[in-house]
Structures are given as C-alpha cells and as structure tokens.
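Report on the following structure.
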Amino acid sequence: EMELLTFDHDTGKRTGEYIQSELSDLEGLTVKVSNLPFKQKLERETNGEFDLAFSGWGADYPDPLTYLSTMQTGNQFSNQTGYNSEEYNTLIEEAMKLPTTEGYAKYAEAEKLMLEDGYLSPIYQKASAYLEKDYVSGIVNNSWGADYTYTYADVDKDDKVLNLATSSDIPSLDVSKSTDQQSFQTMNSTMEGLTRIDGDGKVQPGVAESWETSDDGLTWTFKLRKNSTWSNGTPVTAHDFEYSWKRTLTPETAAEYSYIMADIVGASTKEIEENGVDGVGVKALDDYTLEVKLNRPVAYFAELMSFQVFFPQNQAFVESCGDAYGSAADKQIYNGPFTLTSWKMEDQFSMEKNPNYWDAANVKLNKINTKVVKDTGAEVSLYENGEIDRAALSSDYVDKYKDSKEFKTREAASVFMLQINGGNNK
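Read in order, the letters of the sequence shown are residues -2 to 423 in this note's numbering.
Encoded structure:
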C-alpha cells in the first residue's frame, strides 16, 4: 500500500481520487489518499513522510531555471523526493555559467533526463476560471511570482473594502522560510522588495528608486529611497536587505529557497559551507546604497528583485520575535502597501492600507478581507450572497457561469505534478 498526500480542499480531494483511480489499474498496488491542510502537507513532504504527493509549482521568475533548479541536489523537490543525479546537477551547473538564454539547450537536456528518471510526473498546467464583481478593477493577474497584485486594485464602493476567499491558510510570513503561493501572495501585498511589477508586467522602482548595472552585467548598484519605512516607523535601509539575504543563506536558518540566490557571488551551497555568508556578494555600502555582485549576467535580475525571498527583513524585529517570527500578524512588520491586521488560523485574515507606505497616495483600497473556504460550492454561495467579490470556480460550475459578464479565466505558469518519494527518509 502507498499513501498519496493531497490538499484538503475539494479540488485536491477530487484530484486525489482521480490519481488513486488511475494507479489502481496497476496490479497489486493499493493507494490510500490523505487529504491534509496545506501547512501540514508541506511539513510531511519536507520530512519525507509520504510515498506519493500531489504538488504544484509556479514560476518565481521568467526563466526555465525557476523549475529546473528545484530538482538539483539539496534543493526543494530534490530533498522531498530524494532525487540525486550527478549528471542532472552538472547540466544545470554548466548552463548557469552561460549567459541566460545560451543555457537553454542544456536546460532541455536536463529536463529530459529528470523526467525519464521518474521522481516527478507532470499532470497538468494550471488554468483557472473565476467570478469577479463588476465593481472590482485593477487586480493584476501575474504570470510569475505571486498570483495576484492588489496594489493597484479598486472597488467602486464607498468603504473601499475588497472581500476575497482562499482555499488555504497562510503557512508562514517568515521571508526566509516561506515556500508557498499563499504566503508569497500575502507578503506581496504587505511587503516590498527593491523592485515591483506594475499592471503591465513591467519592472518598476520599489524600495530602490534607481539602479545601475556594470558594463559586464556582474555588478548591480541599487539606490534606495529615503521615504520607505517599516510599519513601526523605522526606515527601510540597505542593511535590511543585506541581513535578509544572508539570513536566508545561513545554514542554521534551513531556508528551502536559499538556492534561488545561487547566481550571487559566494551564495552557492558549497561556498556557504566553506566560507559562511561573509563572502556573499551583497553589501550595504551605506544606509541607502546596496551593491550586489553576480557570477554571470542575469537578464531577469531586476524582475527577480520583486520576488518575496529577496524582500528586506529588520534584524532587530526578527531577533525580538525568536522562533515566533512570521507566525502571527503581530510577529511581522511590513513595508508594503498593506499591513496584516488580523490572522485567525484556518478562518480568515485581513489587511489594511499602510499609511507609512511610500506610495500610499496611489493605493485605493482601505482593506482586504480574506476568508479560508475549502469548498467551491460554499465559496460560490458567498459570492452569490454578496459576501465576497471574487470566487474561484471548479469545472462543475463553468457551464453554469460561462455566459455571465462576471465570468473570467486566467492561465498561469504553474505545473501540478505527482511527486514520488524515492529516497527521502525511506
């Protein structure tokens, strides 16, 4: 008998039943499905407490490496499945020494090898249908990173309150340790990196008001704005970025996403093991100047700086929270367009406009309320009753609403797959 982990919302349950049915055709194999809350499922996958797992992965930045790097030895899905291929690692490492697009042929070779090895089996690419009230505008559907951006959103209502639903709670708001879409989505609304992405998918200044790149593309110098502050009123400085990135890279932090910084000088796993974080190529030259040194030119580096793992962290606040950092609304401070003001586990969370945000004048919403709703039928009922302004639809509801003016669809660079535990804690 093999255990299959999947999510505890209705889509996860249906997918689990489908995979179970398909695998039952294999003689002698029995599959037990375990539907788990998102956070518990992540913990079991990390600890290797599974045989099979239905999982998803969305693009963090616009390059194939965002998927392929996860299966390098020591990285997220490699750790979860026990995949350890020297040939695969070498292909990725060789590709990463080349200018960005020149490595694509090696990426394709590595992908073919990894799929043939059989530790991951892609099932489908994500697309979704949803309903949205006609008084809602400005929500950005992102093709990578967090699914949505609410910075530019508006509602044609006097209270300027947007009401939403989600199928999963927030596992963590620890910038270094978060690994999932729901956490990234919340941080994307409450925090900000050196850059941000606008409604057209273009890079715009965030905490950094400007930046320069050396002629060889290996040194980036970011100039930070002096009116960016934390929600407790203290300035956001270049030191907050240097501390944050080095905290993520410190082995004791056990950050699953540390590999995303591998293009920075001194940030590879081997270099960190040998030299620690002091040799990492990120340095606050002064309070408002951050210098980053790279191993190779990275065409998408400005886009990458908008991704949540590269957000700043205030060292004094992190250390004051200890192990509780990022586990509750008051165990994080915020520098983005909203602040998390309430968070009741497996129930609801709310964000309110951050008056200290440097661009607060252009944030139209006063508040965003989000209910945790695991059943699509219940979510649709809330929408029809006017309690929420957006509702995700499963396939059962598409025919009913496809002709409605409030019916919308989106595609995403996300892949859902079957993980096979071939050596993690086995």
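Beta carbons are placed, not taken as given, at the ideal position from N, Cα and C, and that holds for glycine.
DSSP three-state call for residue 16: helix, strand or coil? helix
Residues near residue 261 by beta carbon distance below 8 Å, same chain, minus five either side: 242, 277, 278, 279, 289, 290, 291, 292
Along the chain, where does the beta strand (DSSP E) that runs through residue 347 open and close? 345 to 350
Under 8 Å by Cβ, that's how I've got residue 180 and residue 170 pegged, so tell me the actual separation to the nearest angstrom. 6 Å
Evaluate the contact criterion for the region 391 to 407 versus the region 119 to 133: three or more CB pairs, one atom per stretch, below 8 Å. yes
Span of the alpha helix (DSSP H), counted from its first residue to its last, around residue 184: 178 to 187
Kindly give me the distance between the Cβ atoms of residue 190 and residue 302, rounded to whole angstroms, as I take these residues to be in contact under 8 Å. 5 Å
When you compare only the Cα positions, how much space is there between residue 182 and residue 211? 32 Å
According to DSSP, residue 53 sits in a beta bridge with which residue or residues? 413
Comparing alpha-carbon positions, which option in 364, 254, 161 lies nearest residue 174? 254
For residue 107, is the classification buried or exposed, using 16 other Cβ atoms within 10 angstroms of its Cβ as the cut-off for buried? buried
Output the residue ranges of the beta strand (DSSP E) runs that lie fully inside the region 294 to 362 and measure 3 residues or longer, sorted by chain position. 335 to 341, 345 to 350
Residue 395: buried (16+ other C-beta within 10 angstroms of its C-beta) or exposed? exposed
Coarse secondary structure for residue 407, derived from DSSP in three states: strand
Give the DSSP bridge partners of residue 377, in chain order. DSSP, once it has assigned bridges, lists no residue as partnering residue 377.
I need the straight-line Cα distance from residue 424 to residue 388, nearest angstrom please. The structure shown does not extend to residue 424, since the chain spans only -2 to 423, so no value can be given for it.
Between which two residues does the alpha helix (DSSP H) carrying residue 208 extend? Not the alpha helix (DSSP H): residue 208 falls in the beta strand (DSSP E), residues 205 to 210.
From residue 91 to residue 270, what does the alpha carbon distance come to, in whole angstroms? 21 Å
Run through the DSSP bridge pairs and tell me what residue 3 is partnered with. 32
Tell me the residue span of the beta strand (DSSP E) that contains residue 283. 279 to 283
Across which residues does DSSP place residue 217 in a beta bridge pair? 210, 289
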